[in-house]
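Right, one structure below, let's go through it.
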Amino acid sequence: MNKEIEINLGQDNIYTDASGIRQMLAFYNECKAYFDCTINIKLDNTGWIDGNLCAFLGALVYRLSIENNLKFSMDAKQVSAKCNILFANDFLPITQDENYYKTNSCLPFRGFFPNQKDDFFNYLDNDLFAHNAMPKLSRAIQDELIDNLGEIYGNIEKHAETELPFFVCGQYYPSKNALNFTISDLGVGFFKKINAQKSLEIKTCGEAVLWAIAGNSTKPDVPGGTGLKGLNAYLQNNNGAMQIYTGDAGWCSKTVNSVLYPDGISSLRNNYLGATINLEFNTKNLNFRSL
0 MNKEIEINLG QDNIYTDASG IRQMLAFYNE CKAYFDCTIN IKLDNTGWID
50 GNLCAFLGAL VYRLSIENNL KFSMDAKQVS AKCNILFAND FLPITQDENY
100 YKTNSCLPFR GFFPNQKDDF FNYLDNDLFA HNAMPKLSRA IQDELIDNLG
150 EIYGNIEKHA ETELPFFVCG QYYPSKNALN FTISDLGVGF FKKINAQKSL
200 EIKTCGEAVL WAIAGNSTKP DVPGGTGLKG LNAYLQNNNG AMQIYTGDAG
250 WCSKTVNSVL YPDGISSLRN NYLGATINLE FNTKNLNFRS L
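Quick note on numbering that gives the first Met the number 0: the sequence shown kicks off at 0 and runs consecutively.
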């Protein structure tokens, strides 16, 4: 008989910040102790999870499923009462009252293998940029953003050293005038390749993130890593934000030059083998400057 283990997803509400990522990594590390069983994900201490973070949760659960042969379940009544966004964005299948959960605030949870470029770009066109809350961008700016997102995809396809899928999800938050879009992969993360080329200069995951954000690249065939730099510039110019989580480091553009995190880097306390990038578009901004 398949053994079932109950593990709490978090110890508090889970938001798109270092605290939320730490909680989910703690859940991941607790699950790693088990093999060949079913993990019942509990929400006893969690009354909210940012819907876009389903991309990160999906990546963690996928890795556990293939490396530890774990299956996962959630109590539908508990999800309905506390975090029904998990139904609304297709993270969990709906078996009843489907119309009750439908909402226009979600960008659906999806997974793409690195060779599914067309499917990923169709998602960008049909789900992200076509979302009702997304600012009406000029075609030129939209194409520029898609090019930068395409570079992030290219990094996963060619440089993340993985054939595992990456996951995307998004959520509109009207009270914050924000639309968050998150991409999570299960590759080698930022540090390994950057440290291999810049071992004397780059000695931590945080330093690797800052190096990449500055527009540097490990790819010999391009002049620089314009994707992250360009996305960050656009979001900064338009009152948005960006977060990156990889290895044991998190970076948030909102905390740069703060007293606690002057370079925007904070510790995740656990290691995440992969990279998660969150883009926060300001939906209230009416003057959309290019990158």
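Note that beta-carbon positions come from the ideal geometry of N, C-alpha and C, so glycine has one too. Just so you know, these numbers come straight off a predicted model, no measurement behind them.
Between the CA atoms of L267 and K283 - distance to the nearest angstrom: 31 Å
Separation of A177 from D11, as counted between CA atoms: Approximately 22 Å, taken between the alpha carbons.
Identified DSSP bridge partners for Q170: C105, N179
The alpha helix (DSSP H) enclosing T161, as first and last residue numbers: Where T161 is concerned, there is no enclosing alpha helix (DSSP H), because DSSP gives it neither an H nor an E.
N293 in three-state terms, based on DSSP: Within the shown structure, residues of the chain are numbered from 0 to 290, placing residue 293 beyond reach of any answer.
Residue from D247, Y271, T275, E279 whose Cα sits closest to the Cα of I264: For the set D247, Y271, T275, E279, the Cα lying nearest the Cα of I264 is the one of D247.
Extent of the continuous alpha helix (DSSP H) to which Y61 belongs: 53-66
3 or more residues per run - each beta strand (DSSP E) lying fully within the region 64-90: 70-72
Of the residues Y152, L8, P107, the one placed nearest D74, counting alpha carbons only: L8
Which listed residue (L127, D262, P92) has its alpha carbon closest to that of N51: L127
Supposed close pair V78, L91 - CB separation, criterion 8 Å: 6 Å
Under 8 Å between C-beta atoms of F119 and F108: no
Among V187, C105, L230, the one whose alpha carbon lies nearest that of Q141: L230
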